[in-house]
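Below is one structure, written out as C-alpha cells, with a few remarks after it.
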Ligand code: 8X3
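Here is the structure:
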C-alpha cells in the first residue's frame, strides 16, 4: 500500500510518515526542503524497511507539482491514501493590517496547493475505483477568531473542498475525510509568528496541547477503517481546549 503525505518534513506530516511506515505503507513524501526529506527517508527506510519516494516541490507552484507527478512511475501512482497535510498560518493581525503577501501564501498553500496535488492523484484513484483522501482542516474551519480571518477562510475552504470531493468522487468508491485539529505543538506557531519563539511558546503555555503524534494516531485510525466506513470530519482537540475560543490554562 502507498500513502502520499504532503508537508512531510516536519510536524503532523512527519509524524504521519512514521505512523504510516509503522503500519506497513510505502510512502511518497513531499515538501520543499529536499535535505529534510532525505533525512526522513534514511531514518524511515532504516527503521521500517519500507520504500520511500521523495517529491520535492513548492506546493504553491502548479508547474512544479505537475512536473513532479509527470515524472512519477506508474507503480508509484497507485496511491491508496493521500494525506493533504501541507498548510500554514501567517500572522495574527486584523484583516486590514496583515500583509497581502501572507494572505496569498496561505491561500496558495492551503487551498490551491491542496487542489494541485489532489488533481494529480485523483485520476488514478478513479481508474482503480479506490483510494482515500484525508484533508487536514482545523478548528479554524469551524469558528473564525480575531486576527485569523484569512487562515480561517482557507480552512473553511478545505472543509468545502472536502465536502465537494466526497460528492464528486462518491460513485468511484473513493473516501474523502477531513481531520480538524485544534492547537498542536509543532512548528506551526513559530511559522505563524515568523520565528518569534516567545510568542510561539506563549500559545502552548499553561496546558497540555496536542502533539503531532496524537494527530497522526487519529489519521492512521481513520485510514485503517473498513472500506464501507468513512469518517467525514473529525474534530480533535486536547482535553484543555473546547474550541477556538475556550482553552483552560493553569
Ligand atoms: C490550527 C489551530 O488554533 O491556530 O489550525 O487556529 S489554531
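Residue numbers (my numbering): 330 to 579.
All C-beta atoms in this analysis are idealised placements derived from N, C-alpha and C, irrespective of residue type, glycine included.
Predicted model only: the values in this text are computed from it and were never measured.
{"Asked": "Same chain, Cβ closer than 7 Å to residue 478, five either side skipped, listed in chain order", "Found": "424"}
{"Asked": "Beta-carbon gap between residue 431 and residue 419 smaller than 8 Å", "Found": "yes"}
{"Asked": "Given residue 352 as reference, the closest of 526, 376, 335 once Cα atoms are compared", "Found": "376"}
{"Asked": "Residue environment, residue 337, which counts as buried when at least 16 other CB atoms sit within 10 Å", "Found": "buried"}
{"Asked": "Of the residues 499, 330, 463, the one placed nearest residue 544, counting alpha carbons only", "Found": "463"}
{"Asked": "Candidates 534, 576, 466, 396, of which the one nearest residue 564 by Cα", "Found": "466"}
{"Asked": "Contact belief for residue 379 with residue 356 at Cβ below 8 Å, rounded distance in angstroms", "Found": "7 Å"}
{"Asked": "Span separating the alpha-carbon of residue 363 from that of residue 384", "Found": "8 Å"}
{"Asked": "Where residue 575 falls, given that 16 or more other Cβ within 10 Å makes a residue buried", "Found": "exposed"}
{"Asked": "Beta-carbon contacts of residue 434 that lie in its chain and below 8 Å, excluding the five residues immediately before and after", "Found": "389, 417, 419"}
{"Asked": "C-beta atoms of residue 512 and residue 409 nearer than 8 Å", "Found": "no"}
{"Asked": "Spatial distance of residue 537 from residue 549 (CA atoms)", "Found": "22 Å"}
{"Asked": "Pick from 341, 334, 525, 333 that is closest to residue 541, judged by C-alpha positions", "Found": "341"}
{"Asked": "Local Cβ density within 10 Å of residue 491, reported as buried at 16 or more and exposed below that", "Found": "buried"}
{"Asked": "Distance cut-off 7 Å: residue 483 Cβ against heavy atoms of the ligand 8X3", "Found": "no"}
{"Asked": "Minimum length 4: unbroken alpha helix (DSSP H) runs contained in the segment 423-495", "Found": "429-435, 443-457"}
{"Asked": "Range covered by the alpha helix (DSSP H) that runs through residue 543", "Found": "541-553"}
{"Asked": "Length of the line joining the Cα atoms of residue 522 and residue 475", "Found": "15 Å"}
{"Asked": "Proximity below 8 Å, CB of residue 539 to CB of residue 510", "Found": "yes"}
{"Asked": "Pairwise C-alpha distance: residue 422 and residue 444", "Found": "27 Å"}
{"Asked": "Segment contact, 8 Å Cβ cut-off, at least three pairs: the segment 392-408 with the segment 449-457", "Found": "yes"}
{"Asked": "Secondary structure of residue 341, DSSP reduced to three states", "Found": "helix"}
{"Asked": "With 16 other Cβ atoms within 10 Å as the buried cut-off, status of residue 397", "Found": "buried"}
{"Asked": "Nearest-angstrom beta carbon gap, residue 514 and residue 533 [assumed within contact, 8 Å]", "Found": "5 Å"}
{"Asked": "Buried or exposed by the 16-neighbour rule on C-beta atoms within 10 Å, applied to residue 429", "Found": "exposed"}
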